[in-house]
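Numbering (this note's numbering), first residue to last: 2 to 67.
(1) Using the C-alpha atoms, what's the distance from residue 50 back to residue 61?
(2) If you check the beta carbons only, do residue 13 and residue 21 fall under 8 Å apart?
(3) Hey, how far is the Cα of residue 44 from the Cα of residue 30?
(4) For residue 35, which three-state DSSP category applies?
(5) Between the alpha carbons of residue 26 and residue 53, how many angstroms are there, rounded?
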């Protein structure tokens, strides 16, 4: 076992049960939050850029097909 893990486990076991339970719940609630996928992030940025006026001007100037 990792030394850091052993120290954390010993500390946790020395805490009062209420404090230990509260700490465990906080840690577990943090694990429930889901990270965004790459596709979700790309979609979010694309929608932001499409609403941006400066990006629209840039796109019209450089990406128009002639």
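Positions of the beta carbon are idealized from the N, C-alpha and C atoms, including for glycine. Since the model is a prediction, treat every value here as computed from it, not as a measurement.
According to the data block:
(1) Against the chain shown, residue 61 aligns to sequence position 60. Against the chain shown, residue 50 aligns to sequence position 49. Straight-line spacing of the CA atoms in residue 61 and residue 50 works out to 13 Å.
(2) Position 12 of the chain shown, counting from 1, holds the residue named residue 13. Position 20 of the chain shown, counting from 1, holds the residue named residue 21. Judged by their CB atoms, residue 13 and residue 21 are nearer to each other than the 8 Å cut-off.
(3) For this step, residue 44 is matched to residue 43 along the chain shown. For this step, residue 30 is matched to residue 29 along the chain shown. So the alpha carbons of these two residues sit roughly 27 Å apart.
(4) If you number the chain shown from 1, residue 35 lands on position 34. DSSP places residue 35 outside both helix and strand once states are collapsed to three, so it counts as coil.
(5) As a first step, residue 26 must be located in the chain shown, where it is residue number 25. As a first step, residue 53 must be located in the chain shown, where it is residue number 52. For residue 26 and residue 53, the distance between alpha carbons rounds to 41 Å.
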